[in-house]
Ligand code: ITT
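Numbering (my numbering), first residue to last: 97 to 290.
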């Protein structure tokens, strides 16, 4: 099956490629000529996942290309911040998107806060005739300082439940065995019959 991956995030692509079986042939946005930034104006992860997948689908239709589309919208919800940054995780510290500044802002906002519980959430939107959503959630806590060099985004600050290390200290294999994205992909694969 050929699926266009509706994400411009190189690190998501790396993770998704490892999570999906070789029977799923992934096509990048660049391969179908989509290089512009896709607007994410929704107020939930579901809405943004749909906006991204539907934008790509329309562009494919214009080119008479008949591929399925898969998008990924993810966000970190911190309990002490009433669920922020949530749907605004990518631009928490403002535009342009900057992972390092987002992490600094998160640490600043949580300064002296000992309530560090957080959840990481991924919503996949799959459009192939019909539109379907697959959600993955992982609980954890926010570290007091960035640790580790693997992964991307908030990985240096997110410690998954049951671990003492941040996602960025864990190998990609370990992150992919327990992450929000891995849980969502497992549901997606079950639906595909894999
Ligand atoms: P696309 O919209 O092109 O897919 P994006 O980076 O804008 O890429 P999101 O809108 O889903 O992706 O933004 C989610 C934010 O959360 C962004 O800052 C990411 O760096 C971060 N993020 C997403 N998945 C993550 C993960 O597994 N670990 C750490 N941070 C992650």
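Beta carbons are placed, not taken as given, at the ideal position from N, Cα and C, and that holds for glycine. Bear in mind that the values here come from a model prediction, so they are computed numbers and not experimental data.
(request) Please work out which residues of its chain come closer than 6 Å, Cβ to Cβ, to residue 250, disregarding the five sequence neighbours upstream and downstream, and give them in chain order. (result) For the purposes of this step, residue 250 is taken as the residue at position 154 of the chain shown. Once the five neighbours on either side are set aside, the close Cβ partners of residue 250 are 172.
(message) For residue 218 and residue 127, what's the separation of their Cα atoms in angstroms?
(response) The residue given as residue 218 occupies position 122 in the chain shown. The residue given as residue 127 occupies position 31 in the chain shown. Near 24 Å, if we compare the C-alpha coordinates of residue 127 and residue 218.
(request) Say whether the region 137-154 touches the region 222-235, bearing in mind that this needs 3 or more beta-carbon pairs closer than 8 Å, one atom from each stretch. (result) yes
(message) At 3 residues or longer, what runs of the beta strand (DSSP E) sit wholly inside the region 231-286?
(response) 254-256
(message) When you measure from the CB of residue 122 to every non-hydrogen atom of the ligand ITT, does any distance come out below 7 Å?
(response) Within the chain shown, numbered from 1, the residue matching residue 122 stands at position 26. Checking the Cβ of residue 122 against the ligand ITT gives no.
(message) Following a CB-centred definition, is residue 106 positioned closer than 7 Å to any heavy atom of the ligand ITT?
(response) Here residue 106 refers to the residue found at position 10 of the chain shown. Incorrect: residue 106 has no Cβ contact closer than 7 Å to the ligand ITT.
(request) Could you tell me the boundaries of the alpha helix (DSSP H) in which residue 204 lies? (result) Numbered from 1 along the chain shown, position 108 holds the residue referred to as residue 204. Note, residue 204: alpha helix (DSSP H), 195-205.
(message) Below 8 Å, how does it come out for the region 182-190 and the region 198-205: are there three or more Cβ pairs, yes or no?
(response) yes
(message) Please classify residue 252 as buried or exposed, where buried requires at least 16 other C-beta atoms within 10 Å of its C-beta.
(response) Residue 252 sits at position 156 when you count from the first residue of the chain shown. Classification of residue 252: buried, given that the 10 Å Cβ count is 16 or more.
(message) Rounded to whole angstroms, what is the Cα-Cα separation between residue 104 and residue 125?
(response) Position 8 of the chain shown, counting from 1, holds the residue named residue 104. Position 29 of the chain shown, counting from 1, holds the residue named residue 125. Taking the straight line from one Cα to the other gives about 7 Å.
(message) Threshold first: 4 residues or longer. Then list the alpha helix (DSSP H) segments lying entirely within the region 139-187, N to C.
(response) 141-158
(message) Rounded to whole angstroms, what is the Cα-Cα separation between residue 136 and residue 106?
(response) As a first step, residue 136 must be located in the chain shown, where it is residue number 40. As a first step, residue 106 must be located in the chain shown, where it is residue number 10. Near 18 Å, if we compare the C-alpha coordinates of residue 106 and residue 136.
(message) For residue 121 and residue 216, what's the separation of their Cα atoms in angstroms?
(response) Counting from 1 along the chain shown, the entry for residue 121 is found at position 25. Counting from 1 along the chain shown, the entry for residue 216 is found at position 120. Going by the C-alpha atoms only, they are around 27 Å apart.
(request) Apply the 10 Å Cβ neighbour rule to residue 276 and answer buried if 16 or more other Cβ atoms are within range, or exposed otherwise. (result) The residue given as residue 276 occupies position 180 in the chain shown. Looking at its Cβ environment, which holds 16 or more other Cβ atoms inside 10 Å, residue 276 is buried.
(request) Quick one: using the 10 Å Cβ neighbour count with 16 as the cut-off for buried, is residue 245 buried or exposed? (result) Here residue 245 refers to the residue found at position 149 when the chain shown is read from its first residue. Counting Cβ neighbours within 10 Å, residue 245 comes out exposed, since fewer than 16 surround it.
(request) Give the straight-line distance between the Cα atoms of residue 134 and residue 116, rounded to the nearest whole angstrom. (result) Residue numbering aside, residue 134 sits at position 38 when the chain shown is read from its first letter. Residue numbering aside, residue 116 sits at position 20 when the chain shown is read from its first letter. Their backbone Cα atoms lie some 23 Å apart in a straight line.
(request) Check whether the Cβ atoms of residue 209 and residue 176 sit closer than 8 Å, and answer yes or no. (result) Sequence index remark: in the chain shown, residue 209 carries index 113 (1-based). Sequence index remark: in the chain shown, residue 176 carries index 80 (1-based). Taking 8 Å as the Cβ cut-off, residue 209 and residue 176 qualify as a contacting pair.
(request) Would you check if the distance between the CB atom of residue 168 and the CB atom of residue 112 is smaller than 8 Å? (result) On the chain shown, position 72 is the one that residue 168 refers to. On the chain shown, position 16 is the one that residue 112 refers to. Yes, Cβ-Cβ distance for residue 168 and residue 112 is below 8 Å.
(message) Could you check whether the Cβ of residue 205 sits closer than 7 Å to any heavy atom belonging to the ligand SAH?
(response) This structure lacks the ligand SAH; its bound ligands are the ligand ITT.
(message) I'd like to check one pair, residue 256 with residue 263: are the Cβ atoms closer than 8 Å?
(response) Walking along the chain shown from the start, residue 263 turns up at place 167. Walking along the chain shown from the start, residue 256 turns up at place 160. Result yes, Cβ atoms of residue 263 and residue 256 sit closer than 8 Å.
(request) Would you tell me roughly how many angstroms separate the C-alpha atoms of residue 181 and residue 108, rounded to the nearest one? (result) Your numbering for residue 181 matches position 85 in the chain shown. Your numbering for residue 108 matches position 12 in the chain shown. Their Cα atoms are separated by approximately 19 Å.
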